[in-house]
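Enquirer: The structure that follows is given in the form of C-alpha cells.
There are 2 protein chains.
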Amino acid sequence: MNDSNSIFHGGDPAQAEARFGVPKDGWVDLSTGINPVAYAPGPIPADVLHRLPLPRELDALLAAARVAYDVPDHAAIVASPGTQALIGLVPTLFDAADVSILGPTYGEHAPAWAAAGHRVVGVPSMCAQAVSPAICAVLVHPNNPDGRVQAVDGLLGYAAELYDRGGALVVDEAFADVMPEVSVTPHAGRDGLIVLRSFGKFYGLAGMRLGFAVCTPEIANRIAAKLGPWAVSGPAIWAGTQALNDLDWATASRARLKSDAVRLDGLLQGAGLNLVGGTDLFRLVESSNAMSAKTVFEGLARAGILTRPFPDHPTWLRFGLPGCEADWVRLSAALAHLT
Amino acid sequence: MNDSNSIFHGGDPAQAEARFGVPKDGWVDLSTGINPVAYAPGPIPADVLHRLPLPRELDALLAAARVAYDVPDHAAIVASPGTQALIGLVPTLFDAADVSILGPTYGEHAPAWAAAGHRVVGVPSMCAQAVSPAICAVLVHPNNPDGRVQAVDGLLGYAAELYDRGGALVVDEAFADVMPEVSVTPHAGRDGLIVLRSFGKFYGLAGMRLGFAVCTPEIANRIAAKLGPWAVSGPAIWAGTQALNDLDWATASRARLKSDAVRLDGLLQGAGLNLVGGTDLFRLVESSNAMSAKTVFEGLARAGILTRPFPDHPTWLRFGLPGCEADWVRLSAALAHLT
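Set out below in C-alpha cells:
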C-alpha cells in the first residue's frame, strides 16, 4: 500500500542497488533536483512534536512564505503537506473537462487530473497549449526536466482566458526559487491563476513535506476546506517558518547553486554530453552520438553515482548537483572514466 | 487561510489567554486527549529531513503498525498525514447518499461527509444507527467524549449490512490504543469495514501528523491513490516506526494511563463532579446541581488549568490527564479552591 504508483522518480538508490550492488563508498545521489546543501533548522522543540500545530504557528509560516515568495497582499496562500497533496487536490476543484499539460514534464500531474475524471491532453509547446480548447491547463515553470520558462504576460493572459472558460491555469513553480525573476507568484491572486510552490527542493528539506498554493481567496478557501485542519505537521511548520524567513540564506544559496550549476555544465560538457536545459537545481543532458545515455547512466551507477534517466526519452539524463567536494571529485573521476 | 473552520477543539490556550490572561505558572492544558507523557523518539536524523521518504521506510512503518494494532494479514493498511486527512478523504470514496453518525462525537466527521455531498443524519444510539436506512455509518470507538464502546460482533454484522447497501461502516478508533480489548481493528479486512487509527494521541506525538486506515486491499488502494506518493513526512515515518515497534512502552503507558485515570476520577468526584464516561486518555464529567460546568471551566481557567467545554452540551466538561506531579498538584488545588 501507499508505495505509490508506477511513475518513475529519482531519489531511491535501493532500486539501483538491486541492479548495481551497494557502492563501496556509498551513493552520490544526483537523481533528484533537491538542494544537497540543506537549510539547517536545528533540533525541533519537543512541544512542536507533542501537541497539534497552533493557528498562530501556521499564520507565522504563511507570513514567512508571503515574503520569501513575494506574494501580493490581495492573493491568498494555503499550506499543504507537500506540493503533491495539491497536485492531487486541485483537479477536484473543477468539473471534469479537458486539461492540457505542457510536456514532457513532471509525471504526477497527468494521473492526478485523470483520476479526477478530466481528459488529459499533452501539448508540446505553449503555443499548442494556447490554441487547445482545454478548460484547465498545467505547466511546470521553470519546467522539469528541461528548464523551459514562459513570458509572465503570456501566462497571465492565458489564465484570464481559461477563467472565462470556467477553468484555470495551474503553474507548478517547484523550482522557481532559483529563478525568482521569471516567477508568476508575484502576480498571483487574479482569477484563473493557481501557483504551486514547493518548500522541500530549494531548502533541501523534502522529507518535511511542505508546499503552498498561491491563488485567489475563493480558491484558497476551497483548498483549505479540502485539506482540513492540521494538514501540515508541527516540524514542517517550525522548520519552514525559520527557513522562509532567512532571506540571506536564500540569496547565498541561489548564488552557490548558480556557480555549482556552471561547474556541473563544465564537467558534463567535458565528458561529451550536450546540455539540453535545466535549472540551477538540476541539468538535463543528451548523449552524443558516441555514447548512449544508457551507457552513461550505467557507467556512473557502477561508480556509485545515481542519475535520472527518462524511460520515454532514452537520450536524456538529468543530473542533480553534488553537495560536497568529495562528491564532485567522484563525479569528475567517473565521467573521465567513461570516455 | 488554513486556520481551519469553526469547529471547536481543545489544545489552543491562546483562545483562553484572550479571556483569562496568561497564567503566571503557564497553562496546564487538559483540553485534549493527547497522552501528556509522550514517546521520546530522540533527535531526527538529518537525511530523514533532507530527502523524500523511501518506500522501504514506509514499509517498515506499516509493518510496525500491523503489529501494534494487531492488523490481520488479509487486511491492508495505509498511512496518512494524520487521521484528519482520512476523515476528509473516506467520504469521497462513496457516491453521495445518507450517512448516519453516532453522536454526540468528534466534530470533524459530519462536515467532511457533508462536504462530499452526503446527507448527514445524527443518531443517538447504536440501535438507532442500525435501523437507519443510511448507506454509510460512522462511529468513534471508544467514543469521544463519552467513551461508549460497542460489541464487536454487532459492528461486524452492521458493516456487512452496509456493504450490501453499497456503503461501509467507518470506525474511528482514535483512542482505542488504551482499550485494545474492544478494538475492531483485529477484525478489519472484511468488506464494508474501514477502521481509522490515530498515532498522535496515545503516543503523545500529535504534531507529527500520522494516521492509518485499516480496511480491504481494494479500499486501501483507492485511499493510497488519493493520498498520492510521499503523503507522510519523513519525521513522522521515522518516529512512528520506532514508537509502534516499542510494545513495552505501549504496555507500560497503558498501565500508567489507567492508574492516572483512576486518580483523576478521585479528584473530580471529590470536587463534586459526576463521571459521565471517558477513556484512559480523558474523562468526561457533568457538573452537580450546586455548580455549573461553566463555573468550573472558568474557575479552573483562572487558575491556569484549561479543560474542554462543549458548547452543545453545557453541563459537560472533559479533562485530559495531567502529565507531571506539579500539574496534578495544581489541578488538585484548583479543584479544592472551587468548592
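If you read the sequences in order, they're chains A and B.
Just so we're aligned: 176 in our numbering is position 176 of the first sequence, and the numbers increase by one with no gaps anywhere.
Just so we're aligned: 280 in our numbering is position 280 of the second sequence, and the numbers increase by one with no gaps anywhere.
Ideal Cβ positions, reconstructed from N, Cα and C, are used throughout, including at glycine.
Note that the coordinates shown come from a computational prediction; the quantities given were computed from them, not determined experimentally.
For glutamine 84(A) and chain B, any beta-carbon pair shorter than 8 Å?
Expert: yes
Enquirer: Do you know how far the Cα of histidine 9(B) is from the Cα of serine 132(B)?
Expert: 29 Å
Enquirer: Rounded to whole angstroms, what is the Cα-Cα separation between tryptophan 249(A) and threonine 241(A)?
Expert: 13 Å
Enquirer: What's the gap between the Cα of threonine 83(A) and the Cα of arginine 209(A)?
Expert: Threonine 83(A) and arginine 209(A) have their C-alpha atoms some 8 Å from each other.
Enquirer: Going by alpha carbons, who is nearest to valine 121(A) out of Ala79(A), His109(A), Asp98(A), Pro229(A)?
Expert: Asp98(A)
Enquirer: Runs of 4 residues minimum, wholly inside the segment 114-138 of chain B: which ones carry the alpha helix (DSSP H) assignment?
Expert: 126-131
Enquirer: I think histidine 109(B) touches valine 138(B), with their Cβ atoms under 8 Å apart; what is that distance to the nearest whole Å?
Expert: 5 Å
Enquirer: In chain order, what residues of the same chain have a beta carbon less than 8 Å from the beta carbon of tryptophan 238(A), not counting five sequence neighbours either side?
Expert: Annotation for tryptophan 238(A): Pro41, Ile44, Pro45, Val48, Glu57 place their beta carbon closer than 8 Å to its own, counting only its chain and skipping 5 residues before and after.
Enquirer: Determine which residues of the segment 20-40 of chain B have a Cβ less than 7 Å from any Cβ of chain A, and write them out in chain order.
Expert: Ile34, Ala38
Enquirer: On the criterion of 16 or more Cβ atoms from any shown chain inside 10 Å, does aspartate 3(A) qualify as buried, or is it exposed?
Expert: Caution is warranted here: a pLDDT of 37 is assigned to aspartate 3(A), below 50, making its placement in the model unreliable, and no coordinate value can be reported.
Enquirer: Can you tell me whether isoleucine 77(A) is helix, strand or coil according to DSSP?
Expert: Of the three classes helix, strand and coil, the one that applies to isoleucine 77(A) here is strand, per DSSP.
Enquirer: Look at the Cβ atom of valine 71(A), then the Cβ atom of isoleucine 223(A), and state whether they are nearer than 8 Å.
Expert: no
Enquirer: Taking 8 Å as the cut-off, does the segment 19-27 of chain B touch the segment 180-189 of chain A (at least 3 CB pairs, one atom from each stretch)?
Expert: no
Enquirer: Less than 8 Å between the CB atoms is what I'm expecting for leucine 86(A) and lysine 201(A), so what's the real figure, rounded?
Expert: In fact, because the Cβ distance is near 14 Å, the residues do not count as touching under 8 Å.
Enquirer: Does the beta-carbon distance from alanine 303(B) to alanine 334(B) come in below 8 Å?
Expert: yes
Enquirer: Check arginine 148(B) in the structure and name its three-state DSSP category.
Expert: coil
Enquirer: Determine the burial state of histidine 141(A): buried for a count of at least 16 other Cβ atoms within 10 Å of its Cβ, exposed for fewer.
Expert: buried
Enquirer: Confirm, please, whether the CB-CB distance from leucine 205(B) to phenylalanine 199(B) is below 8 Å.
Expert: yes
Enquirer: Cα separation between glycine 11(B) and proline 91(A)?
Expert: 33 Å
Enquirer: Below 7 Å CB to CB, which residues in the same chain sit around methionine 1(A) once its five sequence neighbours on both sides are set aside?
Expert: In this prediction, methionine 1(A) scores a pLDDT of 36, lower than 50, which makes its location untrustworthy; no coordinate-derived value is stated.
Enquirer: Sorted by chain position, which residues of the same chain lie with C-beta nearer than 7 Å to glycine 266(B)'s C-beta, five sequence neighbours on each side aside?
Expert: Residues of the same chain with a CB within less than 7 Å of the CB of glycine 266(B), apart from the 5 flanking positions on each side, do not exist.
Enquirer: Return the residues of the segment 48-61 of chain B that lie within a Cβ-Cβ distance of less than 8 Å from chain A, sorted by chain order.
Expert: Val48, Leu49, His50, Arg51, Leu52, Pro53, Leu54, Pro55, Arg56, Leu58, Asp59
Enquirer: Starting from proline 43(A), find everything on chain B with Cβ-Cβ shorter than 7 Å and list it in chain order.
Expert: Pro43
Enquirer: Thinking leucine 317(B) and alanine 293(B) are a contact (beta carbons under 8 Å), I'd like their distance in whole angstroms, please.
Expert: The Cβ separation is near 5 Å, so the contact holds.
Enquirer: On a Cα-Cα basis, can you pick out the residue from Ser233(B), Leu193(B), Gly207(B) that is closest to alanine 76(B)?
Expert: Leu193(B)
Enquirer: Taking the alpha-carbon positions, what's the asparagine 35(B) to leucine 196(B) distance?
Expert: 18 Å
Enquirer: So, at 6 Å on beta carbons, what are the nonlocal neighbours of alanine 168(B) in its own chain, with the 5 sequence-adjacent residues on each side left out?
Expert: Cys136, Leu162, Gly192, Ile194
Enquirer: Is the beta carbon of glycine 107(B) closer than 8 Å to that of glycine 228(A)?
Expert: no
Enquirer: Just confirm the distance between the C-beta atoms of leucine 30(A) and isoleucine 219(A), as a whole number of angstroms; I'd bet it's less than 8 Å.
Expert: Rounded, the Cβ-Cβ distance is 36 Å, inconsistent with contact.
Enquirer: Taking the alpha-carbon of glutamine 150(A) as reference, which of Ala114(A), Leu102(A), Trp113(A) has the nearest alpha-carbon?
Expert: Leu102(A)
Enquirer: Out of curiosity, what's the CA-to-CA distance linking leucine 273(B) and alanine 38(B)?
Expert: When only Cα atoms are considered, leucine 273(B) and alanine 38(B) end up about 28 Å apart.
Enquirer: Within 10 angstroms of its Cβ, does serine 259(A) collect 16 or more other Cβ (buried), or is it exposed?
Expert: exposed
Enquirer: Distance, Cα to Cα, leucine 275(A) vs histidine 313(A)?
Expert: 15 Å
Enquirer: Provide the residue span of the alpha helix (DSSP H) that contains alanine 174(B), from first to last.
Expert: Careful: alanine 174(B) lies outside any alpha helix (DSSP H) and carries neither H nor E.
Enquirer: Quick test of your reading: glycine 33(B) and glycine 320(B), contact by CB under 8 Å. State the CB separation rounded to the nearest angstrom.
Expert: Right, their Cβ atoms sit about 6 Å apart.
Enquirer: DSSP three-state label for isoleucine 101(B), please.
Expert: strand
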